[in-house]
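Chemist: Which chain is which? The protein sequence lines are A and B, in order.
Residue 1 is where the first sequence starts when you use this note's numbering, and the numbers rise one by one after that.
Residue 314 is where the second sequence starts when you use this note's numbering, and the numbers rise one by one after that.
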Amino acid sequence: MITAEKLTKRYVGRSAVDAISFEVEKGEVVGFLGQNGAGKTSTLRMLTGYMPPTSGSATVAGYDVFHQSLQARRQIGYMPENVPLYEDMRVKEYLHFMGRLHGMGGKQLASRTGEVMELCRISDVRRKMIASLSKGYRQRVGMAAALVHEPPLLIMDEPTNGLDPNQIRQVRSMIRSLGEEHTILLSTHILPEVEAVCDRVIIIDKGRIRAEGTPGDLVATLRTAGTLFLEVEADPQEAECALARLDGVRKVNSHRLADGWTKVEVVAESKIDVRAAAYAVVAAAGWPLRELVLQKASLEDAFVELTDIDNAA
Amino acid sequence: MRILFILSGKELRAFFLSPVAYVVIALVMVLTGFSFKAALTILERSSSEWSLVLWTYTSYWFWLSYFPIFPLVTMRLFSEERKLGTMETLLTAPVRTWQVLAAKYTAAVFFYIIIWLPSVLYFLLFVGITGVDVVIPRGELAGSLLILLLSGIFYLAVGCFASALTSNQIVAGVMAFTLCLMHFLLGVFSLNLAGNLPAEIMDMVTYIAPHYHFQRFTRGLIDTRPIFYYLSLAAFFLFLTHQVLEYRRWRA
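1) Would you list the residues sitting across from A:E195 in a DSSP beta bridge?
2) Measuring alpha carbon to alpha carbon, tell me which residue in B:I449, B:P539, B:R561, B:M400 is nearest B:S364.
3) What ranges does the alpha helix (DSSP H) occupy inside the region 213-266 of chain A, keeping only unbroken runs of at least 4 residues that lie completely in it?
4) Taking the alpha carbon of B:D446 as the reference point, which residue from B:A455, B:E453, B:F436, B:K350 has its own alpha carbon closest?
5) Taking all protein chains shown into account, decide if A:I204 is buried (16 or more other Cβ within 10 angstroms of its Cβ) or exposed.
6) Listed in chain order, which residues of the region 109-122 of chain A have Cβ atoms closer than 7 Å to some Cβ of chain B?
7) Specify the secondary structure class of A:T3 as computed by DSSP and reduced to three states.
8) Evaluate contact between the region 390-409 of chain B and the region 55-63 of chain A, counting only Cβ atoms and requiring at least three cross-stretch pairs below 8 Å.
9) Span of the alpha helix (DSSP H) holding A:E150?
10) Can you pull out the residues from the region 327-361 of chain B whose beta carbon lies closer than 9 Å to at least one beta carbon of chain A?
11) Tell me which residue opens and which closes the alpha helix (DSSP H) that A:I168 is part of.
12) Is the beta carbon of A:I2 less than 8 Å from the beta carbon of A:L119?
13) In three-state terms, what does DSSP make of A:M79?
14) What is the DSSP secondary structure of A:Q35, reduced to helix, strand or coil?
15) Please report the residue range of the beta strand (DSSP E) in which A:R14 lies.
16) How big is the Cα-Cα spacing for B:G456 and B:T387?
17) Tell me where the beta strand (DSSP E) around A:V60 begins and ends.
18) Could you please tell me which residues of the region 394-409 of chain B, in chain order, have their CB closer than 7 Å to any CB of chain A?
19) Might you give, ordered along the chain, the residues of its own chain that have their beta carbon closer than 7 Å to the beta carbon of B:I428, omitting 5 neighbours on each side?
20) Determine contact between the region 83-92 of chain A and the region 46-53 of chain A, defined as no fewer than three beta-carbon pairs at a distance below 8 Å.
21) With a threshold of 7 Å on Cβ separation, who are the neighbours of A:N311 within its own chain once the five nearest residues in sequence on each side are excluded?
22) Quick one: what's got a C-beta closer than 8 Å to A:P151's C-beta in the same chain, skipping five residues either side?
23) So, are the CB atoms of B:M488 and B:A475 less than 8 Å apart?
24) Since B:F527 and B:I460 should fall inside the 8 Å C-beta cutoff, what is the C-beta to C-beta distance between them, to a whole number of angstroms?
25) Within a Cβ cutoff of 8 Å, which residues of the same chain sit near A:R100, ignoring the five residues on either side of it in sequence?
26) Check distances from the C-beta atoms of the region 85-112 of chain A to those of chain B and list, in chain order, the residues that come in under 8 Å.
27) Round the Cβ separation of A:T214 and A:I190 to the nearest angstrom and send it over; I've been treating them as touching at under 8 Å.
28) By the DSSP assignment, the beta strand (DSSP E) with A:D205 in it spans what residues?
29) In its own chain, which residues sit with a C-beta less than 8 Å from the C-beta of A:V194, not counting the 5 before and 5 after it?
30) Take the Cβ of B:S331 as the centre, count every other Cβ of all protein chains shown within 10 Å, and call the residue buried at 16 or more, exposed below.
31) Report the neighbours of B:K323 on chain A: residues whose CB is nearer than 7 Å to its CB, in chain order.
32) Can you name the residues of chain B whose CB is closer than 8 Å to the CB of A:R73?
33) Could you tell me which of A:D164, A:S254, A:Q71 sits nearest to A:C241, measuring between CA atoms?
34) My understanding is that B:A470 touches B:G500, with C-beta atoms under 8 Å, so please give their C-beta distance in whole angstroms.
35) For A:R279 and A:L257, I'd like the C-alpha separation in whole angstroms.
36) Strictly under 8 Å for the Cβ-Cβ distance: is B:I319 near chain A by that measure?
Here it is, written out as structure tokens:
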């Protein structure tokens, strides 16, 4: 559905997007994950034809986004960041306007606007001025406007930005149900969002793709499988030294708890399970042990490891 | 064509749903009303070579109503879209930049024409109410309306340009006002300096200055040079506006 080939966007003095290539298959829900300023919005703007790329190319449903821009745009329902809407229009009027811009009219348009208003649950505000709507409603109006011309591809830039937790859940469940019939590319800087709605994740940082795959795959490629927590009754320094000598351990930290016990965190290489070995060390030293827990790595760890290079080493 | 129609419709709707349209129309009606009244007073006192139409469309009252129109009509056209971010929704729909520009400009010109219609009514009403047998010279009226339209076409294009430059409506408005007034004052200043300037420069100024164009056209003298002048300048500023809009997309 989308093919990006060495897509690049350079602003004066810096690259926002640096030769990224990726594909989105028909029917997939793909999350574009990155910190603010990583180049997500620039990429989406190039795909939707709002901004021409500095170099590289991209196609949407086989149409080049630059040379066949209008045909490509017809395939896309786009919800820009912060959902810009005409404040002085009524909801239904706005949907009509957007539909007519896409060449719709007559009965087809009337029934389709009714449909998308039902789908996005905004029928109750159809006659309200957009300026008077709450953020949650505006978000859904934006989504309805993106859907009105029945595009096969939906592109959403930070669809849950600025919503309260209930609204976020509603929007996510909508995205999931839309994902059954549409190809969706959404950008976000919120990890649970990706885990909740996406089939595949593309992690982007400083304009480059750092990793891509299913949320599960990404966690599996981590350099650590997680962190092992132990609580022992021992001197922190001694415990730290003893555990650090184990095979495959990358990092050990320890500190004394308020009740005199010592908490030790052990970070090991991803392929090695150090639980048994760590217990053996503790048992050999004769330290009383009251807790041994392995916290599995999450997508969040993957994200931090991939995008925060200074601290990952 | 269909796209242009939809987009202009949206602009005109926005004009008439906001108070701006009515404020502008009222302002122009009141001030041209004063202008008309002043013209009547002058003609009552003594006979004049100038007709009622000519006095009405060249008085100070008239100029006072004339210049605020352009910033008020054009300042929101592009600035507001930029501020709201709706330019992005618009330009990711299957719509070309020039279509957006053409639609907005057409809507502005259309609204501008509506603004001047009441002032034509004054002449008709005057004849109807007083029953006085005055001659309203048709040629002068036609010439006046034509120069109003021509200069408007140019100044509205300047206004579009100013609006495309910034996302701040006030800045756009002040810029449009300043640019239009500067163009106008060129003629007024050189008029005051007329004795001290060489003839070649004066020739150039009379070609450029709207003041002279108004004096000619309101006498019913239709000169093709200003027609060409205003239309080509308007085209030039619309071209600049288009370039600004595209430039913003290419780098924004």
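Cβ atoms here follow ideal geometry from the backbone N, Cα and C, with glycine treated the same way.
These figures come from a predicted structure and were not determined experimentally.
Modeler: Result, derived from the coordinates:
1) As a position in the first sequence, residue 195 of chain A is number 195, starting the count at 1. Paired residue(s): none; A:E195 is not in a bridge.
2) Position 51 of the second sequence, counting from 1, holds the residue named residue 364 of chain B. Closest by alpha carbon: B:I449.
3) 215-220, 236-244
4) Here residue 446 of chain B is taken as the residue at index 133 of the second sequence, counted from 1. The shortest C-alpha separation from B:D446 is found at B:F436.
5) Along the first sequence, one-based indexing puts residue 204 of chain A at 204. Residue environment: A:I204 is assigned as buried (16 or more neighbouring CB atoms within 10 Å of its CB, all protein chains considered).
6) none
7) Within the first sequence, numbered from 1, the residue matching residue 3 of chain A stands at position 3. Of the three classes helix, strand and coil, the one that applies to A:T3 here is strand, per DSSP.
8) no
9) For the purposes of this step, residue 150 of chain A is identified with residue 150 of the first sequence, where counting begins at 1. It is not in any alpha helix (DSSP H) - A:E150 carries neither H nor E in the DSSP assignment.
10) A327, L330, S331
11) Taking the first residue of the first sequence as 1, we reach residue 168 of chain A at position 168. Here the alpha helix (DSSP H) through A:I168 covers 165-178.
12) In the first sequence, counting from the first residue as 1, residue 2 of chain A sits at position 2. In the first sequence, counting from the first residue as 1, residue 119 of chain A sits at position 119. At the C-beta level, A:I2 and A:L119 stay beyond 8 Å of one another.
13) The sequence position of residue 79 of chain A within the first sequence is 79, counting from 1. Of the three classes helix, strand and coil, the one that applies to A:M79 here is strand, per DSSP.
14) Locating residue 35 of chain A in the first sequence gives position 35, counting from the first residue. It is coil, neither helix nor strand.
15) On the first sequence, position 14 is the one that residue 14 of chain A refers to. Run containing A:R14: 14-24, per the beta strand (DSSP E) assignment.
16) On the second sequence, residue 456 of chain B is found 143 positions in, with the first residue counted as 1. On the second sequence, residue 387 of chain B is found 74 positions in, with the first residue counted as 1. One C-alpha to the other measures close to 25 Å.
17) The sequence position of residue 60 of chain A within the first sequence is 60, counting from 1. Segment 55-60, the beta strand (DSSP E) holding A:V60.
18) L397, G398, T399, E401, T402, L404, T405, A406, P407, V408: these are the residues of the region 394-409 of chain B whose beta carbon lies less than 7 Å from some beta carbon of chain A, given in chain order.
19) As a working mapping, residue 428 of chain B is identified with position 115 in the second sequence. Within the same chain, B:I428 has close Cβ partners V337, I338, V341, I382.
20) no
21) Reading the first sequence from its first residue, position 311 is the one you call residue 311 of chain A. Model confidence at A:N311 stands at a pLDDT of 48, short of 50, so the residue's coordinates are unreliable; what they give is reported in the following sentence. Once the five neighbours on either side are set aside, A:N311 has no close Cβ partner at all.
22) Within the first sequence, the letter at position 151 stands for residue 151 of chain A. Cβ neighbours of A:P151 beyond the five flanking positions: R74, Q75, I76, G77, H182.
23) Taking the second sequence and counting its residues from 1, the one referred to as residue 488 of chain B is at position 175. Taking the second sequence and counting its residues from 1, the one referred to as residue 475 of chain B is at position 162. In this structure, B:A475 lies closer than 8 Å to B:M488 by Cβ.
24) For the purposes of this step, residue 527 of chain B is taken as the residue at position 214 of the second sequence. For the purposes of this step, residue 460 of chain B is taken as the residue at position 147 of the second sequence. Contact flag correct, Cβ pair sits at about 6 Å.
25) Locating residue 100 of chain A in the first sequence gives position 100, counting from the first residue. Annotation for A:R100: L109 place their beta carbon closer than 8 Å to its own, counting only its chain and skipping 5 residues before and after.
26) L85, Y86, E87, D88, F97, M98, R100, L101, H102, G103
27) In the first sequence, the residue the question calls residue 214 of chain A occupies position 214. In the first sequence, the residue the question calls residue 190 of chain A occupies position 190. Wrong, their Cβ atoms sit about 18 Å apart, outside the cutoff.
28) For the purposes of this step, residue 205 of chain A is identified with residue 205 of the first sequence, where counting begins at 1. Taken as a continuous stretch (DSSP letters only), the beta strand (DSSP E) holding A:D205 covers 200-205.
29) Position 194 of the first sequence holds residue 194 of chain A. Only G31, L33, T188, V201, P215, L299 meet the Cβ criterion.
30) Your numbering for residue 331 of chain B matches position 18 in the second sequence. It is exposed - the Cβ of B:S331 has fewer than 16 other Cβ atoms within 10 Å.
31) Taking the first residue of the second sequence as position 1, residue 323 of chain B is located at position 10. The answer, in chain order, is F97.
32) In the first sequence, the residue the question calls residue 73 of chain A occupies position 73. Per Cβ cutoff of 8 Å: T405, A406, P407.
33) Here residue 241 of chain A refers to the residue found at position 241 when the first sequence is read from its first residue. Answer by Cα proximity: A:S254.
34) Counting from one through the second sequence, the residue named residue 470 of chain B turns up at place 157. Counting from one through the second sequence, the residue named residue 500 of chain B turns up at place 187. Incorrect: roughly 19 Å between the Cβ atoms, too far for contact.
35) Locating residue 279 of chain A in the first sequence gives position 279, where the first residue counts as 1. Locating residue 257 of chain A in the first sequence gives position 257, where the first residue counts as 1. Note that residue 279 of chain A corresponds to Tyr in the displayed sequence, not to Arg. If I take the Cα positions, the gap works out to 20 Å.
36) The sequence position of residue 319 of chain B within the second sequence is 6, counting from 1. Taking a beta-carbon distance threshold of 8 Å, B:I319 counts as an interface residue toward chain A.
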